[in-house]
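The structure appears below as structure tokens.
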Amino acid sequence: MLATSLTAAVFGVDAHLVRVEADTANGFPKFTMLGLPDCAIKESEGRIRAALRNCGYDFKWDRRITVNMAPANLRKAGSSYDLATAVGLLAADGSVPQAALTGVLLVGELALDGTVRPVSGLLPMMLMARRHAIPAAVVPEANAGEAAIVSGLRVYPVRTLPEAVAIACAETRPEPARPGDRVRAPSGVPDLAEVRGQPLARRALEIAAAGGHNLLLSGPPGAGKTLLARRLPGILPPLSEAEALETTAIHSAWGLRLDALIRERPFRAPHHSSSDAALVGGGAIPRPGEVSLAHNGVLFLDELPEFPRRSLEALRQPLEERFVTVARVRATLRLPARFQLVAAMNPCPCGARGDRIRPCSCTPAAVHRYQGRISGPLLDRIDLHVRVLPLTYAEIAGSPGEATAAVAGRVAAARQRQVLRGQPDTTNADLEPASLARVTSIDQEGRALLQRAVDRLGLTGRAHDRLLRVGRTIADLEGSQAVRAAHLAEALQFRGTPD
Numbered sequence: 338m339l340a341t342s343l344t345a346a347v348f349g350v351d352a353h354l355v356r357v358e359a360d361t362a363n364g365f366p367k368f369t370m371l372g373l374p375d376c377a378i379k380e381s382e383g384r385i386r387a388a389l390r391n392c393g394y395d396f397k398w399d400r401r402i403t404v405n406m407a408p409a410n411l412r413k414a415g416s417s418y419d420l421a422t423a424v425g426l427l428a429a430d431g432s433v434p435q436a437a438l439t440g441v442l443l444v445g446e447l448a449l450d451g452t453v454r455p456v457s458g459l460l461p462m463m464l465m466a467r468r469h470a471i472p473a474a475v476v477p478e479a480n481a482g483e484a485a486i487v488s489g490l491r492v493y494p495v496r497t498l499p500e501a502v503a504i505a506c507a508e509t510r511p512e513p514a515r516p517g518d519r520v521r522a523p524s525g526v527p528d529l530a531e532v533r534g535q536p537l538a539r540r541a542l543e544i545a546a547a548g549g550h551n552l553l554l555s556g557p558p559g560a561g562k563t564l565l566a567r568r569l570p571g572i573l574p575p576l577s578e579a580e581a582l583e584t585t586a587i588h589s590a591w592g593l594r595l596d597a598l599i600r601e602r603p604f605r606a607p608h609h610s611s612s613d614a615a616l617v618g619g620g621a622i623p624r625p626g627e628v629s630l631a632h633n634g635v636l637f638l639d640e641l642p643e644f645p646r647r648s649l650e651a652l653r654q655p656l657e658e659r660f661v662t663v664a665r666v667r668a669t670l671r672l673p674a675r676f677q678l679v680a681a682m683n684p685c686p687c688g689a690r691g692d693r694i695r696p697c698s699c700t701p702a703a704v705h706r707y708q709g710r711i712s713g714p715l716l717d718r719i720d721l722h723v724r725v726l727p728l729t730y731a732e733i734a735g736s737p738g739e740a741t742a743a744v745a746g747r748v749a750a751a752r753q754r755q756v757l758r759g760q761p762d763t764t765n766a767d768l769e770p771a772s773l774a775r776v777t778s779i780d781q782e783g784r785a786l787l788q789r790a791v792d793r794l795g796l797t798g799r800a801h802d803r804l805l806r807v808g809r810t811i812a813d814l815e816g817s818q819a820v821r822a823a824h825l826a827e828a829l830q831f832r833g834t835p836d
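The numbering used here applies: residue 338 is where the sequence shown begins, and numbers increase by one.
Okay, here's the thing in structure tokens:
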């Protein structure tokens, strides 16, 4: 007999429908698994054999058994196919009505005693089930909270294989898991008031948050670069419902087990030894990298020159296009990567260049080599360059700076002006040239300033447009409809080199 059950395969950050076709026939006893399965799936035969036996099912293995996972050209990985395969084999044996399997998605790993264990990537699978109008899903009990995030889908959490079989046979249909209203406990975003002094860097942080601009902080060790960067998520607007679902799905596909939507802006800070695949995504079976995990949030690269040159150059496409293209022989995958880059670096190898007290021990050649690790095209994609100087005692012992709530209020007002201008899903940093020209009205003095900047500083076309975008953001913070020369002059002071 032939039976088909439904499950899902996560590829990148999206899930695809997989039909598990189980066929039993007379012949020499053999178990064959088809459909590009990995080792974990091939080993499922042993888990399924033991689970069926220990749960009391009298399944006959003395036949030719073939399991095909369609589509056959999509590579499958992981143990989430165990439950669908086991129930499909029981349907092929006549123990489960085949018609009952057409409207239910089965996901879960089987233990040898028939316990259904949790798996990763549940949220993309449930979103896929809703797209395909599959009315119900059977998932591990430990994944119930994550699966129930998706509305419009009946989710049945199970602990054992017999419970899943009973639901598939419609012998018992317990109350489905309700869409959770649970909110993840806040991680405690640090307050900007803890940053003493640094008025220029604080101003750059506010502009970056208001317009979605990339930021480079350069200064000696201990000046407060990391302190500033970690406070950026707190002044960004909260995630919208669509952004929260999108962000949570990416983290679920990556392997993080969740029970509620992620409501806070992601902040990712990978170590400088990270490979290019870890940073932008990839692998034999492509998985999202740090740029995708920072989607709708902040990617912080500390000690920027210490990152491998190849890894940094891999950032150029996602910084410009807001997605990553991962090309493989069998498929080409697009991973979302709309993030704000905040980078920090020392001005020289010893870190003392420009310090008022400590002398720099680096030769000009050493400084040039150190700063040359960051290519010009990458620097050109960073809108705001800020020199962070060491604090004086008066600044350290002075009163706290402005709190996060006050700055976040101004940022929210600037973002609202962008929405009212016809940019509901686009920040100033992502404006296309045509849209930028439409929303940027420059006075005569401002145009003269732009001409001098392009002629004397040799700004590229990209740098010119980025200067206009920053000027547009500064005008939004001020509540001005027009971009004046003062706004462009302030934007121009943030253009420069790390030194």
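Using N, Cα and C, we set each Cβ at its ideal position, and we do this for glycine too.
Quick caveat, the model's predicted, so the values are computed rather than measured.
Which of the three DSSP states, helix, strand or coil, is assigned to residue i?
i	result
Ala345	strand
Ala740	coil
Pro835	Confidence at Pro835 is low in this model, with a pLDDT of 47, below 50, so its placement is unreliable and the value that follows should be read with caution. Three-state DSSP puts Pro835 in coil, outside helix and strand.
Arg384	helix
Arg605	strand
Ile402	strand
Glu512	coil
Pro570	helix
Ile779	strand
Val820	strand
Arg496	coil
Leu582	helix
Ala407	strand
Thr563	helix
Arg789	helix
Leu443	strand
Pro655	helix
Pro575	coil
Val453	strand
Arg758	coil
Could you say which of the options lies nearest to residue i if we only look at CA atoms?
i	options	result
Ala674	Val635, Leu649, Leu786	Val635
Pro737	Ala541, Ala352, Gly561, Glu531	Glu531
Leu638	Ala606, Ile587, Ala651	Ala606
Cys803	Val776, Asp792, Leu768	It is worth fixing the name first, because residue 803 is Arg in this sequence and not Cys. For the residues Val776, Asp792, Leu768, the minimum Cα distance to Arg803 belongs to Leu768.
Gly709	Arg671, Phe644, Pro761	Phe644
Met465	Glu478, Val404, Phe348	Phe348
Arg568	His588, Gly559, Ala538, Ser577	Ala538
Pro727	Asp395, Gly534, Glu578	Gly534
Tyr730	Arg401, Ala560, Ala541, Thr497	Ala560
Leu426	Pro408, Met338, Gly445	Met338
Ala470	Val476, Gly619, Ala436, Ser488	Ser488
Leu411	Phe368, Asp430, Ala345	Ala345
Val725	Asp419, Leu564, His801	Leu564
Val444	Gln435, Thr422, Gly451, Ala429	Thr422
Ile572	Thr662, Ile544, Pro434, Arg806	Ile544
Pro455	Val433, Leu438, Leu787, Glu483	Glu483
Asp351	Met463, Val357, Leu371, Asp419	Met463
Can you tell me where the beta strand (DSSP E) holding residue i begins and where it ends?
i	result
His353	351–362
Met682	677–682
Ser555	552–555
Thr662	660–664
Pro673	669–673
Ala474	473–477
Check the DSSP bridge columns for residue i and list the partner residues they point to.
i	result
Tyr394	Its beta-bridge partners do not exist; DSSP assigns none.
Gly808	Answer is none; Gly808 lacks a bridge partner.
Ala340	Ala359
Phe365	Its beta-bridge partners do not exist; DSSP assigns none.
Leu371	Asn405
Arg491	Ala473
Please report the residue range of the alpha helix (DSSP H) in which residue i lies.
i	result
Ala423	419–429
Leu464	459–468
Leu537	536–548
Ala377	376–379
Arg646	646–650
Ala481	481–484
### Query
What runs of the beta strand (DSSP E), each 3 residues or longer, lie entirely inside the region 694–750?
As summarised for the region 694–750, the continuous beta strand (DSSP E) elements at least 3 residues long and confined to that stretch are 721–724, given in chain order.
### Message
List, from N- to C-terminal side, the beta strand (DSSP E) runs of 3 residues or more that fit wholly inside the region 585–643.
### Response
635–638
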